[in-house]
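Start counting the sequence shown at 1476; every next residue gets the next number (the working numbering).
Just so you know, even glycine gets a beta-carbon here, dropped at the ideal spot from N, CA and C.
Small disclaimer: the values here were computed from a predicted structure and weren't measured.
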Amino acid sequence: MIISPSILAMDFNNQPLEELRINQTDCEWIHLDVMDGLFVPNKTFDESFIKKLQFKKVFDTHLMITNPLSQIDKYIPYSDYVTFHYEAEKEDAILAYLKNKKTRIGLSIKPNTKVEVLDNLLPYLDLVLVMSVEPGFGGQSFMESALDKIKYLREQKEKNGYHYLIEVDGGINQATAKLCKEAGCEVVVAGTYIFKSDNYQKQIDNLR
Ligand code: DX5
Ligand code: ZN
């Protein structure tokens, strides 16, 4: 399992220390929640903040913003994967974008969005991010409805030879990560579970 700690839960007043603590662990990715106060009620940071981060990890940027395709170019230079929300754009526009994309792109679906809406887009995706909480805030409880979506995505991937990674985000702890792994998930995002502990490596080990 790839582990992607979400910095939404880090201590922003002690950022250099948080960067050091994460860099001392063996997690592979770092998850960056961009929120604009419109697509979700909360507002966080943009590319000017991301470009200064000192994490030596794969940058996994999760855009929770309206009209993401008009802003995505700002994030691409500072991200390894950029993921935006299916709900934030028309499907035709998403398909056209994916067919011409020049970097690793993911799509995310909120808890109330059916996974089958992604069917035509799956061949072009590098990542599918299943939200297991309503996007906007950390510290919420895992919604088990995410598990069937993960199973479906894994079946489609194997049946059709698709290459996307399956990622889950929200309410991840040792128990919910295990359920996600059994369902076929490959990447877990965890904010509270890692950053609100005093031993990041131990928590990361518990999620694998
Ligand atoms: C929620 C964010 C998540 C959040 C997860 O909108 O997308 O990445 O940080 O936080 P936890 O792990 O605390 O549920
Ligand atoms: Zn996220």
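Identify the residues that DSSP records as bridge partners of residue i: which are they?
i, result
"Ile1505", "Phe1534"
"Asp1673", "Asp1673 is not bridged to any residue."
"Met1510", "Met1539"
"Ile1477", "Val1662"
"Lys1656", "None, per the DSSP bridge assignment."
Is residue i near the ligand SAM, going by C-beta to nearest heavy atom under 8 Å?
i, result
"Asp1644", "Only the ligand DX5 and the ligand ZN can be found as ligands here, which leaves the ligand SAM out of the picture."
Taking its Cβ as the centre, do 16 or more other Cβ atoms sit within 10 Å of residue i, making it buried, or is it exposed?
i, result
"Ala1650", "exposed"
"Gly1687", "Not covered by the structure: residue 1687. The range shown for the chain is 1476 to 1683."
"Pro1491", "exposed"
"Pro1552", "exposed"
"Val1592", "exposed"
"Val1677", "Here the sequence assigns Lys to residue 1677, which means Val is not the residue at that position. It counts as exposed."
"Lys1532", "buried"
"Glu1493", "buried"
"Gln1529", "exposed"
"Phe1617", "buried"
"Lys1624", "buried"
Item to complete: Report yes or no: do three or more beta-carbon pairs, one from the region 1498-1517 and one from the region 1538-1545, lie closer than 8 Å?
Response: yes
Worksheet item: Pairing CB atoms from the region 1564-1583 with CB atoms from the region 1511-1521, are three or more of them under 8 Å?
Response: no
Practice prompt. Give, in chain order, every unbroken run of the alpha helix (DSSP H) that is at least 4 residues long and sits entirely within the region 1522-1602.
Written response: 1522-1525, 1547-1550, 1566-1574
Practice prompt. May I have a chain-ordered list of the alpha helix (DSSP H) segments no shorter than 4 residues that lie completely inside the region 1602-1652?
Written response: 1620-1635
Worksheet item: Hey, is the region 1667-1675 in contact with the region 1632-1639, meaning 3+ C-beta pairs nearer than 8 Å?
Response: no
Worksheet item: Does the region 1597-1607 come within contact of the region 1567-1581, defined as at least 3 CB pairs closer than 8 Å?
Response: yes
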